[in-house]
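Asks:
There are 4 protein chains.
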Amino acid sequence: MPWSLQEIAQHNKASSCWVIIKDQVYDLTEFLPSHPGGSQIILKYAGKDATAVYEPIHARDAIEQNLDASKFLGPVSKEAQQSLAHSKEAAVKSEDELRVERARKALPRLNRMHSLQDIEDAARSVLTKRALAYYSSASDDLVSHQENMRAFSRFFFNARVMRAVSTCDPSTTILGYPSTIPVFVSGAALAKLGHPAGEVNITIGCHKTSIIQMVSSNASLSPAEIMEAAHPSQTLFFQLYKHKDDARALERIRNVERLGYKALFLTVDAIVAGNREADIKSMWVEEDESYDGDEDEEASLEMGGTAGNLVADDDRNMTWEKTIPWLRSVTQLPIVIKGVQSVEDCVLAAKAGVDGILLSNHGGRQLDYSLPPIELLYRLRKRHPEVFDSTEVYIDGGVRRGTDVVKALCLGARAVGLGRPFLYAQTAYGSYGVVRAVQVLHREILTVMRLVGASSVADLTPDLVERVDWQPLVTASKL
Amino acid sequence: MPWSLQEIAQHNKASSCWVIIKDQVYDLTEFLPSHPGGSQIILKYAGKDATAVYEPIHARDAIEQNLDASKFLGPVSKEAQQSLAHSKEAAVKSEDELRVERARKALPRLNRMHSLQDIEDAARSVLTKRALAYYSSASDDLVSHQENMRAFSRFFFNARVMRAVSTCDPSTTILGYPSTIPVFVSGAALAKLGHPAGEVNITIGCHKTSIIQMVSSNASLSPAEIMEAAHPSQTLFFQLYKHKDDARALERIRNVERLGYKALFLTVDAIVAGNREADIKSMWVEEDESYDGDEDEEASLEMGGTAGNLVADDDRNMTWEKTIPWLRSVTQLPIVIKGVQSVEDCVLAAKAGVDGILLSNHGGRQLDYSLPPIELLYRLRKRHPEVFDSTEVYIDGGVRRGTDVVKALCLGARAVGLGRPFLYAQTAYGSYGVVRAVQVLHREILTVMRLVGASSVADLTPDLVERVDWQPLVTASKL
Amino acid sequence: MPWSLQEIAQHNKASSCWVIIKDQVYDLTEFLPSHPGGSQIILKYAGKDATAVYEPIHARDAIEQNLDASKFLGPVSKEAQQSLAHSKEAAVKSEDELRVERARKALPRLNRMHSLQDIEDAARSVLTKRALAYYSSASDDLVSHQENMRAFSRFFFNARVMRAVSTCDPSTTILGYPSTIPVFVSGAALAKLGHPAGEVNITIGCHKTSIIQMVSSNASLSPAEIMEAAHPSQTLFFQLYKHKDDARALERIRNVERLGYKALFLTVDAIVAGNREADIKSMWVEEDESYDGDEDEEASLEMGGTAGNLVADDDRNMTWEKTIPWLRSVTQLPIVIKGVQSVEDCVLAAKAGVDGILLSNHGGRQLDYSLPPIELLYRLRKRHPEVFDSTEVYIDGGVRRGTDVVKALCLGARAVGLGRPFLYAQTAYGSYGVVRAVQVLHREILTVMRLVGASSVADLTPDLVERVDWQPLVTASKL
Amino acid sequence: MPWSLQEIAQHNKASSCWVIIKDQVYDLTEFLPSHPGGSQIILKYAGKDATAVYEPIHARDAIEQNLDASKFLGPVSKEAQQSLAHSKEAAVKSEDELRVERARKALPRLNRMHSLQDIEDAARSVLTKRALAYYSSASDDLVSHQENMRAFSRFFFNARVMRAVSTCDPSTTILGYPSTIPVFVSGAALAKLGHPAGEVNITIGCHKTSIIQMVSSNASLSPAEIMEAAHPSQTLFFQLYKHKDDARALERIRNVERLGYKALFLTVDAIVAGNREADIKSMWVEEDESYDGDEDEEASLEMGGTAGNLVADDDRNMTWEKTIPWLRSVTQLPIVIKGVQSVEDCVLAAKAGVDGILLSNHGGRQLDYSLPPIELLYRLRKRHPEVFDSTEVYIDGGVRRGTDVVKALCLGARAVGLGRPFLYAQTAYGSYGVVRAVQVLHREILTVMRLVGASSVADLTPDLVERVDWQPLVTASKL
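Protein chains in written order, with full-length UniProt numbering: chain A, 1 to 479; chain B, 1 to 479; chain C, 1 to 479; chain D, 1 to 479.
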């Protein structure tokens, strides 16, 4: 029973909500409240074709994974297909799309990219407003996001001279897997918003430069799609958002084990959605109605209720006592806790016997005023240095320079993750951009190691770093 | 003896000062020096009709309450009435009024308001310059006002993960009265400057969201008018400015007891008027004469003398020894001291056996360089934690985000007051705006509580907060 | 032998330098190297009429006091007189003079002046570039000048409430002489640059408001001229720059004793000229030649040598052991040391038995990076509180608000001096401006005293002030 | 065999790379990877005439010193010569060159230069973009560069008054050699980029003012050329970049000994090239191609590899144990270590018995986040004051004012080096500019010494300086 556009168009409200995706019709009425991105965005397309907005931010099999088969209503009619195709063709490009097209043509050559900031600047010029809002947004007033970067500026080097550094090796291992530099890709998601090939750009780039990619549960490609693009010898880690239903969580773990992922990074700092205003607001960018009195405003007040439903399926009752033992009992993969934000929890994590701790505040996207990871690392070093002996410690958030990486290693980090910079790199230049970003970091790290007097990562010790008592003047360039 | 405009016009100076308000003539000659707002503003309307400037900033019965009946000179004549009505109609709108009208039409829809800042921005666009000056002004160089907000930015979270927060309840009680969130409306006054319905907007909004309103003595509606608008089950507190004459003070207390107010917040930080320059200057906005030599400048020098008469009727001789026992002796209502600004006075207040202490510097509107309340709370927690055991402690001033509220609760506050944000909310969207503001806060508080690992306000403990030793970069957006 | 302009014009170089002042001819050849303002400025007028630039910055008898009678060459000829008068009349006004004339007409009325900043803004609009450069300039990079003001912002109040302050008295005595507020005028010089009546404006204003003026040695009026304008009952202090020749110094002391000055403020922070670049550069404002090769540049290199000659006559060898006893031996007047910049010297001054110590860095005009006086006062309070018991301590530099004054008194200052604000006040509004400035301060001080819980200056104690560990955001408005 | 342009043009790639310099042809194919400035810049001129870019940045004999004679291919043909000369003449000046020409004509007269900042401003106006990029660039985000200057602002004076300073002598000795002020020229290189006479301008200026020049290995003139310009009595030091081959290093040492240089400043902070992005990017200034797809981008990725080859000939295996004894064994010259960046290395240097230690981070051009030298000096003073007894200590980096110099001397520095300011001085005004710069410093130092109460450098003691706990507001003018 192929559907006509007229029939579909009647299901345009919360009480009956159908959408078309790639010429198939889906009934999302019951799914609405559990949509991780909120119901409002779906309702904007109720009764209409949502393909264009759905595709860049969902894995190939996202809808099949999340919707009961009974809600697959089948294809649209032939006439509807033609009509949709025609609409797509005839669609007038928005001003923003035209701007992006022009910017793509003016993109500087890759060999002009000398820093991650250069690459970010290039990427910003070719991102749609909506995509930029998703990539760059952070929670509330962006304080943690901004301070993540700024915190590094309070750490200076006690550089040592007159040390033999003609040979200098920045390589290390992470959970036993080799990496050319002490850097990995930290759960960057929705890469297709920036580039049609999506996360696979990062996978290829990591292979070429021999660093490790941690794949996000929220990637715009499925774990399988990404693993398909990887080289057989390549190491990939998986960022796990645990489902509240242990059986569903186990299913996901078995899947990534089967695909060959080498470690689980259990995300613990995102059990509810952070308040990313720029992202939330970008939904409304093109509309511009103004307030027309009070009558229909009661409706708008439902926002308070919506918040409670976000990320509704994730496990909000994880505990050290229950969750880690369970995880240990179901998998042999190394377990890393991603999103630890206090010294106390580092100690508990070590006690729980995890293989690694990733100090992170989710790039400032979850809790505003969460401590900058480099500050937390510094506190951990001072108050509980023994944690570094029993487990690997990593940080992510705000890393933009080789100096940042080396400072973190001096304070005890095994390796350092970067997220946004790789999203920007693949946005502007696909996999070549990712390679370039790693090369830039490699070059910077090597230079810094030599200039502080280190010939290997083992030489990077706490005495090489001093936290100063003033705030250097750093231009907060791009937020 | 209905008065003609010509007759009235002759009483246009300090030695004989009549004004018309809603077609009634009043002799304010003797009242002049004790007018809380100063004599100059009255003298601008001496011999003229002052209705338009009087109404938005005075309660219905203000003039009757403050003026001896012998000074009510009776109505204007019929001709005068017609003439005044005609003048009002024919009045050319000022540029500022026209701007406000246009802005009202361009006001964004309420569902675009995602933060208190959004709401403030909307309100600022539709406030007259004069009203904005009153709402936004603070004393001297706005340092305390600004630092009230900025101080929160030095408090970061030691967020805890792996705690069960699937159920999370932000509700609490204040002086035993329940509130859905640990937030109350703190004495915001002159609401009619922003919206014709005035403080009642807040009353309705508080009822819909089940939070408590503290009503200001300086409201543009009387305590009775506000209570009339309240739901019978609704809790309202009263902000008391104690009259220097105990009998007059008692009369006011009896009145609010009778009306059903549930607590007295004795204001102790405003015994003289703060130096709010923007507000003072707004009186002159439309005039633009320039200096024309020395001859009549002696007159202008009287400013020094005027200052001494401001708020002349408030009790400037209150003491812990005298005032609290007296208050206890005359009323059963819980007593809260509003405007405590030092740790020492917190200790004295607790010793005096008050029911609550509101750490406040009046939103920076009284003494510039008074400590930010969150800083004071932090000092109290460190130096006299026992105070929290014997009395409830609240703060107000600078609270704009759920993170601010949660930080204050972690440090020991029972609840947190907001003033200006609710004035802005009702200015732009009436009672709906107030509801929206509470919902925004509710949503933010809930998110933050979960992300720091708390499932109830009891879980918000001092160890979750760290005062950092650097100043985060926070844009001081609007002052 | 009346001189023709042609004859005079031949003496236009360092080897023979004559100038005309008020139709009299003077031979300045030998005086050149000892001119306090440097030889270059005189050489610009060698052989010409210098009246216009001489008058506003010299006391009536300056030339007679400093030049040997043999150098008075007598009057110019009648023809010359007519020619000079004609030139003066025909002189085209400069753009800057025309701007100032327009600004004078647009000056806001005095009753719009609500703060010292308002008055400064008004004054800046009507000052010539040259005069503004003199008034506002400070040494090097203006750091001490700016930090003088900014330092106050780190001191917050622990305001006390519930104290009886219905009567509140800000009056005090300075060296036993009464003052309505704890404020005095600190050695502001060259007042005629801003207003034709010069320092006398300040004298009259001080009389009307009953505060004390300290008269500068560098005033544009002589000590006698200023005393003539004073009321018989009025207290004036004298700021002494000690001549290196004790006899000459004594002559000056005898003169001011005879005139009735009540104390000597011995200036010790200005034994050489500070590097006030804006002032130095203002000399060149109107010239705009560009570099034309190397040939005559050797000449310009003499700058290094000029510096050595500035203030050449002041005593650079004063010591605690020698100078104070000498001063004591020659005068009965109280002795205050003006320009103490370290705790150690406060102790030495007290030990030397002076009557007062004025902590001052000359408004930042002498040594850049000299400690802000309020910071020095704070250190003195902490490290040597006993100094306050044996001598009066004052500060000046950066005081602009009543809060500043009250903070200084809390920390132990007897009174506080202001310089520039009074220069600006008299510039814009003559003596009325000075009165207004005092009234503004009076009003602010009274308000602040009450709001911190003080009813007299004796109540202003160190516990009311806390130095905070962050830097409040203060707009450095005008530098 | 004189070469035709056609023949030469064929050798335009890495596999065969010829260039023309002053009508001579050189084969640089094998030299490419070891070019201190990287191979890319040479390849831009492969097969072409490179004279214009070669000359300003190389010493007279640079090519002869570094290239095997077999690679000197002989002169171009007569026709080629004419053609090259003609090309040079016909060359259209770039916009930047025209701007510089105009700016040269508008350069202000030298006697308007009252501070080093004035001189820098003047120089910036007449530098080509490329030259400015070289002079002003620093590593990464310019943090160390900027903080070098900013760090001085946290040091204030405890100025002492009432001390005899009528005579005041700022002279000192450095390694026993007299200097009129405690200032020397620190290894400023590539002076010809700013002025055709190059480093010789500095040599002449130093002679005229009797201060000492340290000559850089990277000067655009050879050590011999510079010594030729010096006065026989003049002291010059040599900044040594040690070649990894001891024999080659010794050869260089013997050469400067022979020429009469008086000390060796062994550079230890520049064993690899710092990441000076502005400088790196300036190479591409005039090109503006945009990204045209992926095909040829692999090439660009070679950047990572290039980095390893920079400064390839310098000794990266120097150690305290090996290098200092070797140096002592081969020369009698005093040895100073330039580029010490930690307290620990100061102690090691003193232990190694060097004659001097220059605390320096290479003007922020090597390791970003290296401690500002004045901060390091402060730490050394606090933690290891005995170092000052056994060896002379100097600093360079960020010194722009007499106050900076005096602060460093108070903390124990023997003298202070300046680099960029002298490059700017000679750029704008040749040797006259250098003289002026020294005079400005002389004047400022003398003023500051007197105002802090010092009559000789011996009076500059640690108690005169206090490190404050706030950050003064200093405009970071030019970076």
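Even glycine gets a Cβ: it sits at the ideal position worked out from N, Cα and C.
Where do the N-terminal and C-terminal ends of the alpha helix (DSSP H) with alanine 132(D) fall, by residue?
Replies: Looking at the sequence provided, one finds leucine at residue 132(D) rather than alanine. Taken as a continuous stretch (DSSP letters only), the alpha helix (DSSP H) holding leucine 132(D) covers 129 to 136.
Asks: Can you name the start and end residues of the alpha helix (DSSP H) that glutamate 321(C) belongs to?
Replies: 320 to 330 is the extent of the alpha helix (DSSP H) around glutamate 321(C).
Asks: Which whole-angstrom value is the C-beta distance of glycine 47(B) and tryptophan 18(B), which I expect to be below 8 Å?
Replies: Right, the Cβ-Cβ distance comes to about 6 Å (below 8 Å), so this counts as a contact.
Asks: Counting only the same chain and skipping the five closest in sequence on each side, list residues whose C-beta sits under 7 Å from that of alanine 197(B).
Replies: Taken in chain order, the residues that qualify are Gly430.
Asks: In chain order, what residues of the same chain lie with their CB nearer than 6 Å to the CB of valine 330(D), ignoring the 5 residues before and after it?
Replies: Hits under 6 Å: Leu250.
Asks: Only counting the same chain, and skipping five residues up and downstream in sequence, which positions put a Cβ closer than 7 Å to that of residue 515(D)?
Replies: Here chain D comprises residues numbered 1 to 479, so residue 515(D) is not present and cannot be evaluated.
Asks: Roughly how many angstroms lie between the CA atoms of leucine 28(B) and methionine 318(B), to the nearest whole one?
Replies: The alpha-carbon atoms of leucine 28(B) and methionine 318(B) are separated by roughly 29 Å.
Asks: Specify, as a first and last residue, the run of the alpha helix (DSSP H) that serine 186(D) falls within.
Replies: It is not in any alpha helix (DSSP H) - serine 186(D) carries neither H nor E in the DSSP assignment.
Asks: Assuming the contact rule is C-beta atoms closer than 8 Å, glycine 402(D) and valine 354(D) should be a hit. Round their C-beta distance to whole Å, please.
Replies: Between valine 354(D) and glycine 402(D) the Cβ distance is about 28 Å, and since that is not below 8 Å, they are no contact.
Asks: Taking only the alpha-carbon atoms, compute the straight-line gap between glutamine 146(B) and arginine 154(B) and give it to the nearest angstrom.
Replies: So the alpha carbons of these two residues sit roughly 14 Å apart.
Asks: Would a check of beta-carbon distances place valine 161(C) closer than 7 Å to chain B?
Replies: Judged by the 7 Å Cβ criterion, valine 161(C) is in contact with chain B.
Asks: If you measure between the beta carbons of leucine 221(A) and tyrosine 261(A), is that distance less than 7 Å?
Replies: Cβ distance not < 7 Å, so leucine 221(A) and tyrosine 261(A) don't count as in contact.
Asks: May I ask which residues mark the beginning and end of the beta strand (DSSP E) holding serine 456(C)?
Replies: No beta strand (DSSP E) holds serine 456(C); DSSP gives it neither H nor E.
Asks: Measuring alpha carbon to alpha carbon, tell me which residue in His243(D), Ser210(D), Ala131(D) and Gln65(D) is nearest proline 232(D).
Replies: Residue Ser210(D) is the option with its Cα nearest to proline 232(D).
Asks: By the 10 Å Cβ neighbour count, where 16 or more other Cβ atoms means buried, how is threonine 391(A) classified, buried or exposed?
Replies: Buried: at least 16 other Cβ atoms inside 10 Å.
Asks: Work out the CA separation of leucine 333(A) and alanine 352(A) for me, nearest whole Å.
Replies: The straight-line gap from Cα to Cα measures roughly 15 Å.
Asks: Between the alpha carbons of isoleucine 202(B) and methionine 149(B), how many angstroms are there, rounded?
Replies: Those two C-alpha atoms are separated by around 23 Å.
Asks: Can you tell me whether tyrosine 177(A) is helix, strand or coil according to DSSP?
Replies: Looking at tyrosine 177(A) - three-state DSSP - the assignment turns out to be strand.
Asks: Report the residue from Asn12(A), Leu142(A), Gln471(A) and Pro33(A) whose alpha carbon sits nearest the alpha carbon of tyrosine 45(A).
Replies: Nearest of Asn12(A), Leu142(A), Gln471(A) and Pro33(A) to tyrosine 45(A), Cα basis: Asn12(A).
Asks: Taking Cβ positions, are glutamine 426(A) and glycine 417(A) nearer each other than 7 Å?
Replies: Going by C-beta atoms, glutamine 426(A) is not nearer than 7 Å to glycine 417(A).
Asks: What is the rounded straight-line gap between the Cα of alanine 188(D) and the Cα of tyrosine 369(D)?
Replies: Cα to Cα, alanine 188(D) sits roughly 21 Å from tyrosine 369(D).
Asks: On the criterion of 16 or more Cβ atoms from any shown chain inside 10 Å, does glutamine 234(D) qualify as buried, or is it exposed?
Replies: Buried.
Asks: Here's the rule I'm using: 16 or more other beta-carbon atoms within 10 Å means buried, otherwise exposed. How should serine 15(B) be labelled?
Replies: Serine 15(B) should be labelled exposed.
Asks: For chain C, check one thing: does any of its Cβ atoms lie closer than 7 Å to the Cβ of arginine 420(D)?
Replies: Not an interface residue.
Asks: Please report the residue range of the alpha helix (DSSP H) in which threonine 51(C) lies.
Replies: Unbroken alpha helix (DSSP H) run through threonine 51(C): 51 to 54.
Asks: Just to confirm, is the Cβ distance from residue 488(C) to phenylalanine 157(C) under 7 Å?
Replies: Limits of chain C in this structure are 1 at one end and 479 at the other, which puts residue 488(C) out of reach.
Asks: Closest to leucine 73(D) by CA distance: which of Arg252(D), Thr323(D), Ile21(D) and Gln40(D) is it?
Replies: The candidate whose alpha carbon is nearest that of leucine 73(D) is Ile21(D).
Asks: Could you list the residues in the segment 452 to 466 of chain C with a C-beta less than 8 Å from some C-beta on chain B, going in chain order?
Replies: From the segment 452 to 466 of chain C, only Val452, Asp463 and Glu466 have a Cβ closer than 8 Å to chain B.
Asks: Starting from valine 143(D), find everything on chain A with Cβ-Cβ shorter than 7 Å and list it in chain order.
Replies: Here the neighbours are Ser153, Pro472 and Val474.
Asks: Can you tell which of Asn255(B), Gly339(B) and Asp121(B) has the C-alpha that lies nearest to the C-alpha of proline 108(B)?
Replies: Among Asn255(B), Gly339(B) and Asp121(B), the Cα nearest to that of proline 108(B) is on Asp121(B).
Asks: Using a C-beta cutoff of 7 Å, does arginine 365(D) count as contacting chain A?
Replies: Not an interface residue.
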